[in-house]
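Numbering (numbering that gives the first Met the number 0), first residue to last: 0 to 402. Just so it is clear, CB atoms sit at the ideal spot from N, CA and C, and this is done for glycine as well. For reference, the structure is listed below as structure tokens.
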Amino acid sequence: MGRRVVRSVDAPGIDTLLASKEMVIVCGSGGTGKTTVAASLGVLAATQLGARVLVLTVDPARRLASALGMNAFGNSEVQIAPEVLRLASPPVRGVTQGELWVAMLDTKAGWDELIRRHAPDAVLRDKVLANPLYQNITGRFVHSHDYIAMEQLHELHASGRYDLVVIDTPPSRHALDLLDAPGRMREFFGSRLLRWLTVPYRSRLFALASKPFYQVADRVLGSRFLQDIAEFFILFQSMESGFVARAAEVERLLVDPRTSFVVVTTLEAAPAHEARFLADELRKRKMHLGAIIMNRTLPTSIRQPGAAKAARSLMAAADDPDVVAAIAASLAATTSADPSDISRVLAEVGERFHDIVVVASREAERRAELVALDALAVDVPSLGRDVSDLHGLVELGGYLQQG
Ligand SMILES: Nc1ncnc2c1ncn2[C@@H]1O[C@H](COP(=O)(O)OP(=O)(O)OP(=O)(O)O)[C@@H](O)[C@H]1O
Ligand SMILES: [Mg+2]
Numbered sequence: 000m001g002r003r004v005v006r007s008v009d010a011p012g013i014d015t016l017l018a019s020k021e022m023v024i025v026c027g028s029g030g031t032g033k034t035t036v037a038a039s040l041g042v043l044a045a046t047q048l049g050a051r052v053l054v055l056t057v058d059p060a061r062r063l064a065s066a067l068g069m070n071a072f073g074n075s076e077v078q079i080a081p082e083v084l085r086l087a088s089p090p091v092r093g094v095t096q097g098e099l100w101v102a103m104l105d106t107k108a109g110w111d112e113l114i115r116r117h118a119p120d121a122v123l124r125d126k127v128l129a130n131p132l133y134q135n136i137t138g139r140f141v142h143s144h145d146y147i148a149m150e151q152l153h154e155l156h157a158s159g160r161y162d163l164v165v166i167d168t169p170p171s172r173h174a175l176d177l178l179d180a181p182g183r184m185r186e187f188f189g190s191r192l193l194r195w196l197t198v199p200y201r202s203r204l205f206a207l208a209s210k211p212f213y214q215v216a217d218r219v220l221g222s223r224f225l226q227d228i229a230e231f232f233i234l235f236q237s238m239e240s241g242f243v244a245r246a247a248e249v250e251r252l253l254v255d256p257r258t259s260f261v262v263v264t265t266l267e268a269a270p271a272h273e274a275r276f277l278a279d280e281l282r283k284r285k286m287h288l289g290a291i292i293m294n295r296t297l298p299t300s301i302r303q304p305g306a307a308k309a310a311r312s313l314m315a316a317a318d319d320p321d322v323v324a325a326i327a328a329s330l331a332a333t334t335s336a337d338p339s340d341i342s343r344v345l346a347e348v349g350e351r352f353h354d355i356v357v358v359a360s361r362e363a364e365r366r367a368e369l370v371a372l373d374a375l376a377v378d379v380p381s382l383g384r385d386v387s388d389l390h391g392l393v394e395l396g397g398y399l400q401q402g
């Protein structure tokens, strides 16, 4: 499906990225603002570029989820009412408002979908889905979440229903988990391990059935336990080729020229370090790094030399009885502040501000390192409140667009 209207843009920025890509994967360290930025990019693409966009989110904060109309669980797609969207962000001249759809990543539903697709017949399919170990085991696959997220991205993109699919990613323990997930799944499904697990089980099960051991296991574990395990792996093996082919497709999606990664970070040491690492890895793997979003940054005004000087003056003034007396005298008309209180407050305000200046200068260093990565780097200040409604997302989108 072609993008309906694309606003002309002078310099490449977020708009250009959203207009030129069909899949945007928002990743980064835990708690940096991935879910918020993903939703905000979706709002931006729908309202400013006229795109039909789907945001696939992971575990959004409850208030944001309900603001987006996602009260029900499951990965069904919900459209934000066009008039609600229009009110939150009036249309740009010359652009027909697009559509904003949201869905929540549901790992279990994602696995069920895979099984339905790859099961050779309905009987096998129902057997796997009904197997009591199925859910338990698939949930335990390392990076099951990451894989299903990519898998869903593939599915939604291939459906052709959207101009753009923005995908939020689960908090990973390590940045590479996400990038490696499809490859690991492919390796597992195509490996000898799966065969090794199934064949002996099959024969072992029949051989054991008549043995006293089996009868004991039967009494201790319940008669279906061993059978369930064996059945699970045997059934899974029957889907091997489908799974391998699919995981390889999902893997290719990550290097597809229509896919771009947006790395979200704060300017704290650990997430910023992770963001640089992730950016390097993306490059090494020939994956497209679309933008680095430096989120929740301090306003640049704090770093003005005058502000830091004022903070030092306040701290010095706190120790100067003449200044304190002069302030007390000037306040006397409105309040009877005790000079010792005035001194304390001056010292406290000065010190706090000074601390913030120190944080801001560290942020500036990390910012410089991220900017040096030669990707689109975007500053988004802290809004001073949680971003839990469409207005907050639109406000954030404004900063994303400014670059
Ligand atoms: N620029 C901002 N200003 C103020 N609050 C923000 C900003 N960006 C994000 N937040 C808030 O920070 C919190 C964490 O954001 P979010 O849930 O998007 O992070 P996340 O990276 O998705 O976390 P997780 O890794 O746990 O999924 C939320 O409460 C959100 O409203
Ligand atoms: Mg999140």
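Cβ-heavy atom distance, residue i to ligand 2, below 6 Å
i     : result
THR34 : yes
Extent of the continuous beta strand (DSSP E) run through residue i
i      : result
THR258 : 258–264
GLU98  : 98–103
MET286 : MET286 -> no beta strand (DSSP E), and no H or E assigned at all.
ASP167 : 163–167
LEU297 : Counting along the chain, LEU297 falls outside any beta strand (DSSP E), and DSSP gives it neither H nor E.
GLY402 : Unbroken run through GLY402: none, as it is neither H nor E.
PRO380 : 375–380
LEU55  : 51–56
ALA25  : First, the residue type needs correcting, since residue 25 is Val and not Ala in the sequence shown. VAL25 -> beta strand (DSSP E) spans 22–27.
Buried/exposed call for residue i, threshold 16 Cβ in 10 Å
i      : result
VAL358 : exposed
MET0   : With a pLDDT of only 45 at MET0, under the threshold of 50, the placement of this residue in the model should not be trusted; the figure read from the coordinates follows. Flag for MET0 reads exposed.
SER342 : buried
LYS285 : exposed
VAL393 : buried
ASP14  : buried
THR264 : buried
ALA37  : buried
GLN47  : buried
VAL122 : exposed
PRO304 : exposed
ASP354 : exposed
ASP340 : exposed
GLU230 : buried
LEU86  : exposed
HIS153 : buried
THR95  : exposed
SER143 : buried
LYS20  : buried
Run of the alpha helix (DSSP H) containing residue i, from where it starts to where it stops
i      : result
GLY182 : 174–188
PRO81  : 81–87
ALA42  : One detail in the question is off: residue 42 reads as Val in this sequence, not Ala. 33–47 is the span of the alpha helix (DSSP H), which, as asked, contains VAL42.
VAL122 : 121–129
ASP145 : 143–158
ALA316 : 304–317
GLY349 : 338–370
ARG62  : 61–66
ILE13  : 13–19
heavy atom of ligand 1 below 6 Å from residue i C-beta
i      : result
ASP385 : yes
ARG61  : no
PRO90  : no
ARG295 : yes
THR31  : yes
PRO270 : no
PRO170 : yes
Contact test: residue i Cβ vs ligand 4 heavy atom, cutoff 6 Å
i      : result
SER381 : This structure lacks ligand 4; the ligands present are ligand 1 and ligand 2.
Residue i versus residue j - alpha carbon distance
i      : j      : result
GLY182 : VAL83  : 41 Å
PHE260 : GLY349 : 41 Å
GLU368 : THR34  : 24 Å
GLY397 : LEU382 : 12 Å
HIS117 : VAL25  : 28 Å
GLY29  : ILE292 : 14 Å
SER329 : GLU267 : 41 Å
ASP279 : GLU273 : 10 Å
GLN151 : LEU104 : 8 Å
ASP255 : LEU345 : 57 Å
SER88  : LEU375 : 24 Å
ARG3   : ALA50  : Annotation note: pLDDT 44 at ARG3 (below 50); position unreliable, coordinate value reported separately. Using only the alpha carbons, I get a separation of about 6 Å.
LEU253 : ALA309 : 50 Å
ALA66  : GLU250 : 33 Å
GLU98  : PRO81  : 7 Å
SER171 : ALA317 : 47 Å
ASP145 : PHE242 : 16 Å
SER75  : ALA157 : 16 Å
PHE352 : ALA307 : 8 Å
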